[in-house]
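Protein chains in written order, with this note's numbering: chain A, 1 to 123; chain B, 1 to 725.
In this text, a Cβ means the ideal position worked out from N, Cα and C, and glycines have one as well.
Here is the structure we will look at, set down as structure tokens.
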Amino acid sequence: MIVKNILIADDNRDFSSTLKLALEAEGYSVYLATNGREAVLVQRKTPADVLITDLAMPDSDGFEAIDAFRKEFPATKVVVVSGAKRLDAPLYLKAAELMGAHAAFRKPFDVEMLLEALKALAP
Amino acid sequence: MRLRAYLVSLALATLLPVAIFAAVVGYFLVKEQRDTFRRGAEARTLAVSTAVDAELNGSIATLLALSTLPALDDGDFAAFRVRAERILATQPAWSNINLAMPSGQQVMNLQRPPGAPLPDSSQFDADWQDAVERRAPVVSDLVVSPITGQWDYAVRVPVLRDGAVRFVLSAVVRPESLSKLLQAQNIPADWVGVVLDRGGRIVARTANPEGTVGQPASQSLREALTRASSGWFPGRTIENTAVYTPYRRSAASGWVFAMDIPASTVNAVAWRGIALLVAGLLGAIALAIALARVVGRRLSAPIAELARTSEALGRGEPARVPDTAQVRELRVLAQTFQSCIDAMREREDRLRMALDAGRMGTWEWNVRTGAVIWSQDLEAIHGMAPGSFGGTLAAFEKDVHPDDVEKVRRAVAQNFESGNAEHHVEYRIVRPDGTLRWVEGRGKVFRDASGVPVRLIGVCTDVTDRKRAEEALRDADRAKDEFLAMLSHELRNPLAALTTAAHLLHAAEPGGAAAAHARDVVERQTKHMSRLVDDLLDVSRVTMGKLALEREVFDLGSMVSGVVQAWRSAGRFSAHSVNTDCTPVWVYADRVRVEQIVSNLLHNALKFTPSGGTISLSVEEKEGEAVLRVSDSGRGIAPQALGRMFEPFVQAEDRPHGSEAGLGLGLALVKRLAELHAGSASAHSDGLGCGASFTVRLAAIAPPHETQSAVANAEPVAVLRRMSR
Numbered sequence: 001m002i003v004k005n006i007l008i009a010d011d012n013r014d015f016s017s018t019l020k021l022a023l024e025a026e027g028y029s030v031y032l033a034t035n036g037r038e039a040v041l042v043q044r045k046t047p048a049d050v051l052i053t054d055l056a057m058p059d060s061d062g063f064e065a066i067d068a069f070r071k072e073f074p075a076t077k078v079v080v081v082s083g084a085k086r087l088d089a090p091l092y093l094k095a096a097e098l099m100g101a102h103a104a105f106r107k108p109f110d111v112e113m114l115l116e117a118l119k120a121l122a123p
Numbered sequence: 001m002r003l004r005a006y007l008v009s010l011a012l013a014t015l016l017p018v019a020i021f022a023a024v025v026g027y028f029l030v031k032e033q034r035d036t037f038r039r040g041a042e043a044r045t046l047a048v049s050t051a052v053d054a055e056l057n058g059s060i061a062t063l064l065a066l067s068t069l070p071a072l073d074d075g076d077f078a079a080f081r082v083r084a085e086r087i088l089a090t091q092p093a094w095s096n097i098n099l100a101m102p103s104g105q106q107v108m109n110l111q112r113p114p115g116a117p118l119p120d121s122s123q124f125d126a127d128w129q130d131a132v133e134r135r136a137p138v139v140s141d142l143v144v145s146p147i148t149g150q151w152d153y154a155v156r157v158p159v160l161r162d163g164a165v166r167f168v169l170s171a172v173v174r175p176e177s178l179s180k181l182l183q184a185q186n187i188p189a190d191w192v193g194v195v196l197d198r199g200g201r202i203v204a205r206t207a208n209p210e211g212t213v214g215q216p217a218s219q220s221l222r223e224a225l226t227r228a229s230s231g232w233f234p235g236r237t238i239e240n241t242a243v244y245t246p247y248r249r250s251a252a253s254g255w256v257f258a259m260d261i262p263a264s265t266v267n268a269v270a271w272r273g274i275a276l277l278v279a280g281l282l283g284a285i286a287l288a289i290a291l292a293r294v295v296g297r298r299l300s301a302p303i304a305e306l307a308r309t310s311e312a313l314g315r316g317e318p319a320r321v322p323d324t325a326q327v328r329e330l331r332v333l334a335q336t337f338q339s340c341i342d343a344m345r346e347r348e349d350r351l352r353m354a355l356d357a358g359r360m361g362t363w364e365w366n367v368r369t370g371a372v373i374w375s376q377d378l379e380a381i382h383g384m385a386p387g388s389f390g391g392t393l394a395a396f397e398k399d400v401h402p403d404d405v406e407k408v409r410r411a412v413a414q415n416f417e418s419g420n421a422e423h424h425v426e427y428r429i430v431r432p433d434g435t436l437r438w439v440e441g442r443g444k445v446f447r448d449a450s451g452v453p454v455r456l457i458g459v460c461t462d463v464t465d466r467k468r469a470e471e472a473l474r475d476a477d478r479a480k481d482e483f484l485a486m487l488s489h490e491l492r493n494p495l496a497a498l499t500t501a502a503h504l505l506h507a508a509e510p511g512g513a514a515a516a517h518a519r520d521v522v523e524r525q526t527k528h529m530s531r532l533v534d535d536l537l538d539v540s541r542v543t544m545g546k547l548a549l550e551r552e553v554f555d556l557g558s559m560v561s562g563v564v565q566a567w568r569s570a571g572r573f574s575a576h577s578v579n580t581d582c583t584p585v586w587v588y589a590d591r592v593r594v595e596q597i598v599s600n601l602l603h604n605a606l607k608f609t610p611s612g613g614t615i616s617l618s619v620e621e622k623e624g625e626a627v628l629r630v631s632d633s634g635r636g637i638a639p640q641a642l643g644r645m646f647e648p649f650v651q652a653e654d655r656p657h658g659s660e661a662g663l664g665l666g667l668a669l670v671k672r673l674a675e676l677h678a679g680s681a682s683a684h685s686d687g688l689g690c691g692a693s694f695t696v697r698l699a700a701i702a703p704p705h706e707t708q709s710a711v712a713n714a715e716p717v718a719v720l721r722r723m724s725r
């Protein structure tokens, strides 16, 4: 199965919109959400193969999103990108991985590396 | 036993050997005295006995002289009679002279006329033959005279011619002569001297001579005489008085002289001696006891006073050790005791000062009785009046915060169970006035010889200040942590957008929509980051006191109008309705910084007022101050958040995220900058949903044409002020 659809959950619109363009340039279809709850709703409508999510979002954060997706969309791969709101960043990302994320990136990250990771996620 | 008793015992014990010694010596002395007396009495007896003998010998001598008369050679009785009569006249004690043949037949008797019949002496003198055969003068025993009918005795002398007894010449003597002799002896009146003949009849007596003459002597004397011819014996008189009797039988005459000395007289000596001894002993004992009491009092009174004083001191009363002992050692003791107390007091005072300074109190729990004693410092820590503590564990636990009671109990229990000598626990107490204090308690268990806990003593320190400082530190630390985390997040997000945009610019077609989008993002996000960095740096500078103000004179009102105008032109008020009411007010301030204030306030107003809302700015002069007010109809501020509005890093709940996020420094900067200008900043809101207004006050100055010259001459002043966070 080729990864085609990606859902980006991030409250920073400048970031998510730019990333969307970058991913679309690679041939992906990209949807946007601004928090965890919204991500679930969007996923239900237009299911994505990969969820790229920030961890710190208002109202319903990345952990909630990961948790909800694991339950409801277990097949969807999860990639975490985070501004590491907490000081103990490594632990934060580790926690995300423990929760089921397949990859984790710390902002700002090299977009090329994210693209590589997405390619690797394709089974 | 009391000190006095010991001293008395000591005195008596010392007296005992003395008493024994005195008794022994006394006994010997008394004995000696009695012996002396006896010897004296016996000597007296001898003297009188000798005098009696002398009297008798006198009579014998006279008769002997008479017996040598030549008239007796021839038997010339008549001539002899004349001579005898003459001699009789010279002897008042003689009552008669008679001459008798050796057979006893008298041949001459002066009491009978010549030629009258004459008695036979041997008839009434039992010892006649004895007298004749002896051929020596004899003294007869007392007989009742046939002539006179009275008791008298005869002194007989044998008349020897040519070695043969021719006649016996006798003189009849009246006993009165011996009585007189006795009288002359000056025998003490209560002594009874008595002369006895060989037969034991009383011849003469100092007491009642006529009544007793011729009577036999007392039984005891007669018995004594059978035992020895002289001696001393205790007996009784014929009047039945107890007496001691020295007596002597003359070897020559066989007559006895005895003296009855009343026993009382003899014993008086002994009694006197004993009385003296006993009196002396009693006196010594009394003296010893009296001395013991005095000395005892001198010793025990100061000691008792010392004991009372130390008791009082133990109770905590301020007593002074009495210094009035007369015994030097006790005085020294009192003095050292006092200096010891003074030293202890000093130490106590120092300890109390230390405890006071350290805000510490001490307590003691007697495990057996359950009583708890608190020092005054501890009562003060608990906010109680001195002396008002209940004295029980319950009274203590009553003050402890309910959430901490278990913790305290467990700490103490652990102390008891395990070997650790000390427990350490922190707990809160509630004072009577309701305030909360943190207390750090340390306690130590003291056990008796068998390991059973006996006492628990401890120290409590009021650590509220420390705890609060710790809390404040923790809070500050946490706030800093949160800020740093937020900073990290707020900077990383724009950076992520920038890197993504950079990638897009690489990957996308140069003229395409994607590229354009990327360029917009770069512009926006770099501006945003720039703002953030500027705010951060400004706050840091102000905090470190390194922000310099560059003042100038300008009109605040027109400046504010200008800013509003610029923002409006830039389209920033597109979603809101913004109006101004700016009157000219001149200030001497840093224009750039004041603009920053206005910008921050406007920025916030826009952020927190939903689309369609109203924002109002006003500038006016009031009471010498330039007052800038920015009000909005936006979200408003909750009452509890109002006080913390101007604190750095404080952000509103439910704040907008994403590109519009800030660091919470805007208002902090506003306040700091206003204060740097010696002004102030304040916030007001009627509550959530009721909008908010922010007011900044700066010192107003007179319009320029008055002050311009003054200011022109002044140097721009760099104001350095250290601000506390």
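Alpha carbon to alpha carbon, what distance is there between residue j and residue i?
i, j, result
"Gly296(B)", "Tyr6(B)", "9 Å"
"Ala692(B)", "His423(B)", "54 Å"
"Arg13(A)", "Gly624(B)", "47 Å"
"Arg248(B)", "Ala288(B)", "51 Å"
"Ala22(B)", "Arg34(B)", "18 Å"
"Trp191(B)", "Ala184(B)", "14 Å"
"Ser16(A)", "Ser574(B)", "25 Å"
"Phe73(A)", "Lys20(A)", "21 Å"
"Ala476(B)", "Met486(B)", "15 Å"
"Phe77(B)", "Ala71(B)", "7 Å"
"Phe389(B)", "Gly643(B)", "40 Å"
"Arg44(A)", "Tyr31(A)", "12 Å"
"Val598(B)", "Ala513(B)", "36 Å"
"Val82(B)", "Leu64(B)", "17 Å"
Can you pull the chain B residues whose beta carbon is under 8 Å from the beta carbon of residue i, in chain order?
i, result
"Ser17(A)", "His517 and Val521"
"Asp61(A)", "The contacting residues do not exist; Asp61(A) stays about 11 Å from chain B at best."
When we look at the beta-carbon of residue i and count the other beta-carbons within 10 Å, is it buried (16 or more) or exposed?
i, result
"Pro188(B)", "exposed"
"Arg697(B)", "buried"
"Pro92(B)", "exposed"
"Trp374(B)", "buried"
"Ala39(A)", "buried"
"Ala518(B)", "buried"
"Gly557(B)", "buried"
"Asn98(B)", "buried"
"Asp141(B)", "buried"
"Asp481(B)", "exposed"
"Leu7(A)", "buried"
Once you ignore the five residues that flank residue i on each side, which residues in its own chain have a CB closer than 6 Å to its CB?
i, result
"Pro494(B)", "Gln525, His528 and Met529"
"Pro158(B)", "Arg135, Val165 and Val168"
"Gly361(B)", "Ser375, Asp377, Leu378, Ile381 and Cys460"
"Ala605(B)", "Ile615, Val630 and Asp632"
Name the chain A residues that come within less than 7 Å of residue i, Cβ to Cβ?
i, result
"Leu495(B)", "Lys107 and Pro108"
Which same chain residues, not among the five before or five after residue i, have their C-beta less than 7 Å away from its C-beta?
i, result
"Gly119(B)", "One point to set straight first is that residue 119(B) is Pro, not Gly, in the sequence displayed. Answer for Pro119(B): Gln106 and Pro146, listed in chain order."
"Trp438(B)", "Glu426, Arg428, Val463, Thr464 and Lys467"
Below 7 Å on C-beta distance, what does residue i contact in chain B?
i, result
"Asp111(A)", "Looking at the sequence provided, one finds Val at residue 111(A) rather than Asp. Here the neighbours are Thr499, Thr500 and His503."
"Gly14(A)", "A small fix is needed here, since residue 14(A) is Asp in this sequence, not Gly. Per Cβ cutoff of 7 Å: Ala497, Val521, Arg524, Gln525 and Ser659."
"Ala56(A)", "His489"
With respect to the beta strand (DSSP E) encompassing residue i, which residues constitute its N-terminal and C-terminal limits?
i, result
"Leu99(B)", "Trp94 to Ala100"
If you follow the alpha helix (DSSP H) that residue i is in, where does it begin and where does it stop?
i, result
"Glu490(B)", "Thr464 to Ala507"
"Arg524(B)", "Ala513 to Met544"
"Val670(B)", "Gly666 to Leu676"
"His684(B)", "It is not in any alpha helix (DSSP H) - His684(B) instead sits in the beta strand (DSSP E) that spans Ser680 to Ser685."
List the residues of chain A whose Cβ lies closer than 9 Å to the Cβ of residue i, in chain order.
i, result
"Ala508(B)", "Leu21, Ala22 and Ala25"
"Ala514(B)", "Thr18, Leu21, Ala22, Glu24 and Ala25"
Any heavy atom of the ligand COA inside 7 Å of the beta-carbon of residue i?
i, result
"Gly199(B)", "With respect to the ligand COA, the structure shown offers nothing to examine, as it has no ligands at all."
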